[in-house]
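In the numbering used here, the protein residues as written are 95 to 139.
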């Protein structure tokens, strides 16, 4: 699950896609290998 900025798309689109990747697809070690979105959903009050 990698994300690479290629320069083939407009910068704004690449940034938007990276934000989605970072928050919804990238498992984080410090969150017990959950994505930030999964962690937030599991621990929401």
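Cβ coordinates follow ideal geometry from the N, Cα and C atoms, glycine included. From a predicted model like this one, the values you see are computed outputs, not experimental measurements.
Taking the DSSP output, what are the residues bridged to residue i?
i: residue 125; result: DSSP lists no partner for residue 125.
Between which two residues does the alpha helix (DSSP H) carrying residue i extend?
i: residue 136; result: 130–136
i: residue 106; result: 105–114
What number of angstroms, rounded off, separates the C-alpha of residue i from the C-alpha of residue j?
i: residue 99; j: residue 135; result: 28 Å
i: residue 127; j: residue 109; result: 23 Å
i: residue 115; j: residue 97; result: 7 Å
i: residue 103; j: residue 132; result: 28 Å
i: residue 140; j: residue 120; result: What is shown of the chain runs 95 to 139, which leaves residue 140 out entirely.
i: residue 137; j: residue 124; result: 14 Å
i: residue 101; j: residue 111; result: 13 Å
Among the options, which has the Cα closest to the Cα of residue i?
i: residue 118; options: 129, 102 and 138; result: 129
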